[in-house]
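Let me begin by presenting the structure, written as structure tokens, before commenting on it.
2 protein chains.
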Amino acid sequence: MTYKLSLAAALAALTATAPLSAVSTTEDVAWDITEGLTTEVGQRMPGTEAEARARKWALSKLESLGFSNVREENFMMPTWVRGEETAEVIAPFQQKLHITALGNSGSTGAEPLEGEIAYFEDFQALSDAPIDEVQGKIAFVDHKMFRAQDGSGYGFAGPARWFGPNVAAKKGARAIIIRSVGTDFHRNPHTGNTNFENGVTPIPAGALSNPDADTLYRMRKLTWGKPLQVRLKLTPRNIGEQQSGNVITELPGRDQALPPILIACHLDSWDLAPSAFDDAAGCGIITAAAKKLKDQGNQPLRTIRLLWAGAEEVGLWGGKEYARKYANQPHAVAMESDFGADRVWRIEFRLPESEAMTALKQQLTQAVSRFGVAASAIPATGGADIRDIIRTQNLAIIDLQQDGTRYFDLHHTPDDTLDKIDRKQLRQNVDVWTAVLGIIANSDADFSMGEYQ
Amino acid sequence: MTYKLSLAAALAALTATAPLSAVSTTEDVAWDITEGLTTEVGQRMPGTEAEARARKWALSKLESLGFSNVREENFMMPTWVRGEETAEVIAPFQQKLHITALGNSGSTGAEPLEGEIAYFEDFQALSDAPIDEVQGKIAFVDHKMFRAQDGSGYGFAGPARWFGPNVAAKKGARAIIIRSVGTDFHRNPHTGNTNFENGVTPIPAGALSNPDADTLYRMRKLTWGKPLQVRLKLTPRNIGEQQSGNVITELPGRDQALPPILIACHLDSWDLAPSAFDDAAGCGIITAAAKKLKDQGNQPLRTIRLLWAGAEEVGLWGGKEYARKYANQPHAVAMESDFGADRVWRIEFRLPESEAMTALKQQLTQAVSRFGVAASAIPATGGADIRDIIRTQNLAIIDLQQDGTRYFDLHHTPDDTLDKIDRKQLRQNVDVWTAVLGIIANSDADFSMGEYQ
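Quick mapping for you: the protein sequence lines, in order, are chains W and D.
The working numbering applies: residue 78 is where the first sequence begins, and numbers increase by one.
The working numbering applies: residue 78 is where the second sequence begins, and numbers increase by one.
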């Protein structure tokens, strides 16, 4: 009998721990998704078989987590893929440089291009330069980016990548190399998209790692500004229209007539890394939060729709497709997680003016303060994948701003790997998202912002 | 008159500042050498034209600093050069890995090798493994290295590189990949030499960056140990006997009959980086200290000989050549700087037992304590380039141990660039070296250790 009692007690203990392990599984969803995408899929370049593998993985993962109506919504888009990429100084010194092509870069062709560097301190200097300082040269834009918690260094340094190649091409540069738009000091250049105006022929456009840009800068100093000759080979290709797609699912609400909450991340990534920060973690965070609400057993009032967007990195194609397809379906609030995996430090709103909304803001601000999240008077602007639906429908937005201090160390580099994720901070993201979603998905308040003014 | 007086005063002031700027020039010698080697020369792979350019640069630099008898002492040695290097997991997942070949690695040939991974937790596990667990496989050694101020993590992790390929080859492995012998978390694998026994055919041997080794580890976990298939291409070549050389100069002492002090660094480097830490900074430090003594105007009692050794990285060829050539010329003390550019934190001795030596140790310990350098009871062992002359002549040694906490973040990676140098710590090295050299080069004590026992 004693023995039987002990067995019964043991079984009871096992049963008692079952809910605990269920909770623990839920808590690891953000990590599991981030680990899975970075390990079982890897890089997820838009329009390639790797992004297709990622969608397949995502569908299977979301099904296994018990979400409803898990689906793939495909679309076609022009696709650019990386080729070889080498650069070296050939005179008056000799040194190899670490370079990576920018998205939409032109090709040098198989035969490397050799030319003289024209130095520009930043994008403004390139923009201001007379044509004869640029024409026939390889423009080098040497802006330096500083780290900031809100990522604001991107606003200063970004234009060199976004617009520099187009400006240089229009002034007759043979190619352009820019200092990486990044805050780290490793030999890993930062890629990212650039764009050429219609009618402007794309020139080869690459980014140097910060240490390599430093080298060019010092060479110029040590030669007293004498010409530096560089040999450059970039052979990317446009491979035409290819298939990409969004992965979408819902956590259905009690009142299907109420407009849903849209929460987004992007599934695609640049090709240089498994891209844990950008944006596997974002998909992990929003999905883990929705899963937590589901597991709490109280079906929320409003439907929560999850958008794992495709082809964000190369032109926000997934977000555009979503906005096109769901243009006539009203939404309540749009939110996105796409700024790494470090803690949420600030909550920002774009909500209609009303008593109900003032009360809601107070409730939300109070709910997140226990996780160390500060209030902010800066209006929310949303993320890249919800930009178009926000514009189309003039939507309410809540931004859970992540600490971006080290985001631009990793952004678009080979270094964006799983080891960079701080699991405690990842968990804080999920906690904050769960708290916010729990409140807004159970609110029957009117979130509509009216027509654009 | 007032005007003339003012002018005279101004001229006097100018003259008065002249010595200040002279001092400032002297103080920058370590930086100038490190900056010059990393910028004007770059990587300095032994036996290649790059190392020859470095010798030319060194001769010119040492001449311009006013050293005597600046000379190049050349020798021939077998030379290995890097080729292409790519690796990717092809099943059950697909992902590119960042790999670099180890020095003396065999080649896969132009056609990549595909094979199954055999996992070993560390070098010991590979050594203990029965042949049938290794034969026909690609061995993967997954030791993890931890950082330590005295660099002692190298002793645990190093054998995987030094001996792992030979052991794997003898057990019939088709190739070996190891986790980098390094403490960073960037996508920059650490190269370095390995060696195969006579009669053992070199197999392809490469190092993965830590994040890539993590990926393999996690893939194994997520597939429950099911086989991982890897595709590997490494095409290094042996290009036969090539010329390398030492660069040597002296600061002549007042008493040419007294054995000189030998201070060393190495001029060559691995090919992946301009190699500021390993070992441009070492050459900067020892040379700046000697220059300071010279500029103080009191000619030291003993000659100080500077050895900028060649071909250290690939087999200590420069140190061996020095030991051969100077075997019959007595030396007093040997010292080397080859552990980066961070501060000296500890002084260690290998000196004969005598009253004079006890007093000298006290004097040295006291002299360096003002720069934050601690005493130590660990015997000095010297550096790689003085190893052979120390063994040949049983020499006295003083080690100025540098803080190695971040040394193995950079060691043998593309990331060993000038930006990693902390100028304050570099200057502290020069101060400590100057203090020590000033004392021992003016000591007429007997440093001879006698015959080896």
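Quick reminder that beta carbons are idealized off the backbone N, C-alpha and C, glycines included.
Output, in chain order, the set of chain D residues within a Cβ distance shorter than 7 Å of W/P491.
H175, R264
Checking contacts by CB at 9 Å: is D/E117 closer than that to chain W?
yes
C-alpha gap between D/P266 and W/D199, whole angstroms:
32 Å
Would D/P429 and D/A473 qualify as a contact pair, given that the criterion is a beta-carbon distance under 9 Å?
yes
Beta carbon of D/M412, beta carbon of D/G481: below 9 Å?
no
Taking the continuous beta strand (DSSP E) assigned at D/I253, which residues delimit it?
252-256
At what residue ranges does the segment 259-305 of chain W contain a whole run of the beta strand (DSSP E), taking only runs of 3 or more?
282-285
Report yes if the C-beta of W/S229 is less than 8 Å from at least one heavy atom of the ligand NAP; otherwise report no.
As presented, the structure is devoid of all ligands, the ligand NAP included, so that no description of it is given.
So is D/A187 in contact with chain W if we call contact Cβ pairs under 9 Å?
no
From W/F354, W/D523, W/V118, pick the residue whose C-alpha is nearest to that of W/R500; which is it?
W/F354
Can you confirm whether the segment 369-387 of chain D touches the segment 208-215 of chain D when touching is taken to mean that 3 or more C-beta pairs between the two stretches lie within less than 8 Å?
no
For W/L305, which of D/Q470, D/E117, D/Y196, D/D261 has the nearest alpha-carbon?
D/E117
Relative to the C-alpha of D/G361, which candidate in D/F223, D/R251, D/R331, D/I498 has its C-alpha closest?
D/I498
Please classify D/P70: does DSSP put it in a helix, a strand, or coil?
Outside the displayed range of chain D (78 to 530) lies residue 70 of chain D, so it cannot be described from this structure.
Give every residue of the same chain whose Cβ lies closer than 6 Å to the Cβ of D/H175, excluding the five residues on either side of it in the sequence, and list them in chain order.
R264, P266, S286, D289
Just mark W/S520 as buried or exposed, buried being the case when its beta carbon has 16 or more other beta carbons within 10 Å.
buried
Alpha helix (DSSP H) runs contained entirely in the segment 105-140 of chain D, provided each spans 4 or more residues
106-113
Could you give the C-beta distance for D/I124 and D/T156, rounded to a whole number, given that I count them as a contact under 8 Å?
According to the sequence provided, residue 124 of chain D is Gly. The question's Ile does not apply to it. About 3 Å; that satisfies the 8 Å criterion.
Beta-ladder partner(s) of D/D419, from DSSP
The partner list for D/D419 (beta bridge, DSSP) is empty, contrary to what the question assumes.
Between the C-alpha atoms of W/K247 and W/V277, what's the straight-line distance to the nearest angstrom?
7 Å
Beta carbon proximity, W/R256 to chain D, threshold 9 Å:
no
Minimum C-alpha distance to W/H488 - residue among W/L349, W/T300, W/A454, W/L309
W/L349
I want to verify the contact list: residues of chain W whose CB lies under 7 Å from the CB of D/R483, in sequence order.
Here the premise fails: no neighbours, minimum Cβ distance about 12 Å.
Rounded to whole angstroms, what's the CA-CA distance from D/Y403 to D/I466? Just pull it up for me.
8 Å
How far does the beta strand (DSSP E) with D/Y196 in it reach, from first residue to last?
190-197
How should D/S141 be labelled, buried or exposed, when 16 other C-beta atoms within 10 angstroms of its C-beta is the threshold for buried?
exposed
Enclosing beta strand (DSSP E) for D/S346 [first to last residue]
Run containing D/S346: none; DSSP gives neither H nor E here.
Alpha helix (DSSP H) runs contained entirely in the segment 443-482 of chain D, provided each spans 4 or more residues:
464-470
Quick check: the segment 315-331 of chain D against the segment 362-376 of chain D, are there 3 or more CB pairs under 8 Å?
yes
Cβ atoms of W/A444 and W/A512: under 9 Å apart, would you say?
yes
Cross-strand partners of D/T177 (DSSP beta bridge):
D/A284
Local conformation of D/G230 per DSSP, three classes
helix
Cutoff 9 Å: D/T534 Cβ touching any chain W Cβ
Because chain D is modelled from 78 through 530, residue 534 of chain D falls outside the range shown and cannot be assessed.
Using the beta-carbon of each residue, which ones in chain D are nearer than 7 Å to W/D20?
Residue coverage of chain W in this structure runs from 78 to 530, which leaves residue 20 of chain W outside it and unanswerable.
Just tell me which of D/A357, D/I517, D/S453 has its CA closest to the CA of D/Q440.
D/I517
According to DSSP, is D/S204 part of a helix, a strand, or is it coil?
helix
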